[in-house]
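Residue numbers (the numbering used here): 4 to 103.
Structure (structure tokens):
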């Protein structure tokens with residue numbers, strides 16, 4: 004007999020949320036279970052209905068955080084950008100350039 008430890012019983016997979024109607028004419032109420040598990044499509048469809056959480060976000064115009072520097076380098080780069088604190092600490096001692 005094959006080892007089934009760590010395997011989920013496929014009869015526990017659900018393709019719709021379990022609901023019950025508490026009284027005649029009432030709206031269905033979702034009744035979650037710790038023994039059932041949702042299919043990938045059920046989870047995807049649920050999140051799509053709640054606001055496109057699963058779509059690829061447009062990251063054009065976003066900076067790669069690995070390009071942020073907190074110290075000036077000896078070889079400047081157009082790919083790197085300084086942290087706010089680095090700019091402040093650099094210019095504040097030179098005069099009040101950064102005050103309103």
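We put the beta carbon where it would ideally sit given N, CA and C, even for glycine.
Mapping the DSSP letters down to three states, classify residue i as helix, strand or coil.
{"i": "residue 72", "result": "strand"}
{"i": "residue 38", "result": "coil"}
{"i": "residue 7", "result": "coil"}
Compute the Euclidean distance between the alpha carbons of residue i and residue j, then round it to the nearest angstrom.
{"i": "residue 41", "j": "residue 11", "result": "12 Å"}
{"i": "residue 38", "j": "residue 21", "result": "12 Å"}
{"i": "residue 8", "j": "residue 90", "result": "57 Å"}
{"i": "residue 92", "j": "residue 67", "result": "23 Å"}
{"i": "residue 29", "j": "residue 6", "result": "45 Å"}
{"i": "residue 31", "j": "residue 19", "result": "13 Å"}
With a cut-off of 8 Å on the beta carbons, I'd call residue i and residue j a contact; round off their distance for me.
{"i": "residue 84", "j": "residue 65", "result": "Residue 84 to residue 65, Cβ: 12 Å. No contact."}
{"i": "residue 73", "j": "residue 86", "result": "5 Å"}
In this structure, what does DSSP give as the bridge partners for residue i?
{"i": "residue 24", "result": "Looking at the DSSP assignment, residue 24 forms no beta bridge with any residue, so it has no partner."}
Thinking C-alpha only, which one of the options is nearest residue i?
{"i": "residue 23", "options": "95, 36, 4 and 16", "result": "36"}
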